[in-house]
Amino acid sequence: MDFPSGSGGSGEPPDPSQTSGGSVRATGGSVVTPPPPLSRYESQKRRDWNTFLQYLKNHKPPLTLSRCSGAHVIEFLKYLDQFGKTKVHANDCPYFGHPNPPAPCVCPLKQAWGSLDALIGRLRAAYEENGGQPESNPFGARAVRIYLREVKDSQAKARGIPYEKKKRKRAGGGGSTSGATTTAENPSVDGGGGEGGGGIIGTSEVAPVTSTV
Ligand SMILES: [Zn+2]
């Protein structure tokens, strides 16, 4: 739906939101002002969204966005585990609960909870930016929230990493004063949020392309 605004005459004022500094508009209309570079978050969000759409396309049976539910979103998150880089020890692994195991083990690599949590946030925003209704947003579904919480709890145990802040007893801390609000929810996860900055799937492709030279 982008009509060329060439049929002029209605006298619209220039859009003030487009003042991105120094976009010179020459007469003749053939000047293309490049869009401002996307922020890291925005481009990551776009990549994630495309990944999800691709996933729907390849889904068997085929799935459309409008029929997508929280259960499908969870399925998607599980599917992403194959691209994960975070060792999550099984219950019977001797290193279960060890943050720094002394030797390798055969436990699978998965997506870290922090990555999934951030991903869902981006996809939830992307869904609504692409015309989805907030009340039908599958990424905001209760089931997804519950799933994420379960992942968080089980990974915290398996990896021996407390996502929840351990409350240190402060000497003389006067109860529930305002001091606690600044350090809201900042889990001490390393390797959680952005693993190397490549996002969940690194190369924006759904299919794992083996590009070994
Ligand atoms: Zn293990």
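Residue numbering for the sequence shown follows my numbering, beginning at 129 and increasing consecutively.
C-beta atoms are modelled at their ideal positions from N, C-alpha and C, and glycine is treated no differently.
Among Q172, L184, C196, L191, which has the Cα closest to the Cα of G260?
Looking up residue 260 in the sequence shown gives position 132. Selected option, being the one with the closest Cα: C196.
Mapping the DSSP letters down to three states, classify K188 as helix, strand or coil.
As a working note, residue 188 is residue 60 in the sequence shown. If DSSP states are grouped into helix, strand and coil, K188 belongs with coil.
I want to check one thing, is the minimum distance from the CB of H187 to the heavy atoms of ligand 1 below 7 Å?
For the purposes of this step, residue 187 is identified with residue 59 of the sequence shown, where counting begins at 1. No, the Cβ of H187 stays beyond 7 Å of every heavy atom of ligand 1.
Any chance the segment 198-208 sits against the segment 264-273, with 3 or more Cβ pairs inside 8 Å?
yes
What are the partner residues of L237, as DSSP defines its beta bridges?
By 1-based counting over the sequence shown, the position of residue 237 is 109. Answer is K215, bridged to L237.
First and last residue of the alpha helix (DSSP H) that includes L276?
Numbered from 1 along the sequence shown, position 148 holds the residue referred to as residue 276. That run of the alpha helix (DSSP H) goes 270-287.
Contact the segment 241-252 vs the segment 268-287: 3+ CB pairs below 8 Å:
yes
Quick check on F204: does DSSP put it in helix, strand or coil?
If you number the sequence shown from 1, residue 204 lands on position 76. Three-state DSSP puts F204 in a helix.
Rounded to whole angstroms, what's the CA-CA distance from P163 to E170? Just pull it up for me.
Here residue 163 corresponds to residue number 35 of the sequence shown, with the count starting at 1. Here residue 170 corresponds to residue number 42 of the sequence shown, with the count starting at 1. Distance between the alpha carbons of P163 and E170: 13 Å.
Reduced DSSP category for F267 - H, G, I as helix; E, B as strand; rest coil:
The count along the sequence shown starts at 1 and reaches residue 267 at position 139. In this structure, F267 counts as helix in the three-state DSSP scheme.
Nearest-angstrom Cα separation, counted from C233 out to R349
Past the boundaries of the shown model lies residue 349; the chain is included only from 129 to 341, so the question cannot be answered.
Expressed to the nearest angstrom, what Euclidean distance is found between the alpha-carbon atoms of H217 and T161?
For the purposes of this step, residue 217 is identified with residue 89 of the sequence shown, where counting begins at 1. For the purposes of this step, residue 161 is identified with residue 33 of the sequence shown, where counting begins at 1. Cα-Cα distance, rounded: 51 Å.
What does the alpha-carbon distance come out to for the pair L237 and K206?
Your numbering for residue 237 matches position 109 in the sequence shown. Your numbering for residue 206 matches position 78 in the sequence shown. So the alpha carbons of these two residues sit roughly 12 Å apart.
How should D176 be labelled, buried or exposed, when 16 other C-beta atoms within 10 angstroms of its C-beta is the threshold for buried?
Residue mapping note: residue 176 aligns to position 48 of the sequence shown, counting from 1. So D176 ends up on the buried side.
Could you check the C-alpha separation between N225 and K280 for me, to the nearest Å?
Position 97 of the sequence shown, counted from the first residue, corresponds to residue 225. Position 152 of the sequence shown, counted from the first residue, corresponds to residue 280. Residue identity check: residue 225 is Gly in the sequence provided, not Asn. Between G225 and K280, the C-alpha separation is close to 13 Å.
Between F204 and F180, which are expected to be in contact by the criterion C-beta below 8 Å, what is the C-beta distance as a whole number of angstroms?
Within the sequence shown, the letter at position 76 stands for residue 204. Within the sequence shown, the letter at position 52 stands for residue 180. F204 to F180, Cβ: 6 Å. Contact.
Rounded to the nearest angstrom, what separates Q182 and K213 at their Cα positions?
By one-based count along the sequence shown, residue 182 stands at place 54. By one-based count along the sequence shown, residue 213 stands at place 85. Answer to the nearest angstrom: the Cα atoms are 22 Å apart.
Alpha-carbon to alpha-carbon, I248 and A286:
By 1-based counting over the sequence shown, the position of residue 286 is 158. By 1-based counting over the sequence shown, the position of residue 248 is 120. Their Cα atoms are separated by approximately 22 Å.
Leaving aside the five residues before and after P262 along the sequence, list all residues of the same chain whose C-beta is less than 8 Å from its C-beta, in chain order.
Translated into positions along the sequence shown, residue 262 becomes position 134. The residues are E256, G268.
C-alpha gap between K215 and V159, whole angstroms:
Walking along the sequence shown from the start, residue 215 turns up at place 87. Walking along the sequence shown from the start, residue 159 turns up at place 31. Taking the straight line from one Cα to the other gives about 51 Å.
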